[in-house]
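Residue numbers (the numbering used here): 597 to 821. Glycine is no exception: its CB is placed at the ideal position from the N, C-alpha and C atoms.
Laid out in structure tokens, this is it:
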């Protein structure tokens with residue numbers, strides 16, 4: 597596996613936060629397959645699979661703060677009503693909901709990395725996440741990238757507000773669609789060759805002011821047991 601493949605994997609993980617936000621959460625469909633089986637060592641695959649594919653049956657509509665528990669990592673759904681599973685595999689969990697304001701997506705994705713040093717990891721993440729700034733479909737309203745010391749292992753926070761230039765206007769408004777994204781990218785403290793992203797996004801015609809609190813609450817609910 598070369599650096600190009602890994603870079604493409606991470607770009608897909610980043611862009612998926614935008615594109616899945618466009619999906620109809622009433623009819624969930626798989627969006628992006630970020631890890632091929634060959635990219636995960638058998639031992640790591642078993643751990644991730646135990647985390648993201650729990651034995652208990654997942655309800656169609658999730659109760660607030662629903663726990664996707666596992667031996668490797670615990671993932672809580674957002675602590676509000678109306679969320680359902682959009683996609684779930686051995687490498688990711690994606691949940692979403694619709695409201696009168698727009699569409700929400702919350703997700704956790706594991707991905708392979710070759711970088712081992714903290715600074716090298718941060719540089720790699722920043723380089724890949726910044727590529728969305730060059731996507732012709734979107735105008736970047738704001739973008740922020742910074743290291744965070746809230747966890748005992750290396751993590752960086754990425755925040756973006758994007759204006760969709762593609763014509764996707766509703767029948768009741770001609771306003772452009774806006775996407776707000778907040779993501780935490782971390783090195784897996786239990787595996788030098790793995791990283792993970794916890795992301796939260798909103799897509800609607802107006803920017804919502806409490807996106808940071810919603811995202812922070814979801815991010816805090818993803819932790820190692």
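The beta carbons of residue 738 and residue 781 sit no closer together than 8 Å. Residue 706 is classed as buried because its beta carbon has at least 16 other beta carbons within 10 Å across all chains shown.
If only uninterrupted beta strand (DSSP E) runs of at least 3 residues are considered, those enclosed by the stretch 790-820 are 790-800.
In this chain, residue 716 is not harboured by any beta strand (DSSP E); it is covered by the alpha helix (DSSP H) spanning 714-725. The three-state secondary structure of residue 728, taken from DSSP, is helix.
Here residue 786 is exposed. Its C-beta has fewer than 16 other C-beta atoms within 10 Å. Using a 10 angstroms sphere on the CB of residue 716, the tally of other CB atoms stays under 16, which defines it as exposed.
With a contact defined as Cβ atoms closer than 8 Å, residue 679 and residue 688 miss out at about 15 Å.
For the 8 Å CB-CB criterion, residue 819 and residue 670 form a contact. Residue 812 and residue 796 have their C-alpha atoms some 9 Å from each other.
Rounded to the nearest angstrom, the gap between the Cα atoms of residue 684 and residue 799 is 21 Å. Boundaries of the beta strand (DSSP E) harbouring residue 703: 698-708, taken from the DSSP string. The Cβ atoms of residue 804 and residue 697 lie closer than 8 Å to each other. Judged by DSSP in its simplified three-state form, residue 673 adopts coil rather than helix or strand.
For residue 783, the enclosing beta strand (DSSP E) covers residues 774-783. Taken through DSSP and simplified to helix, strand or coil, residue 759 comes out as strand.
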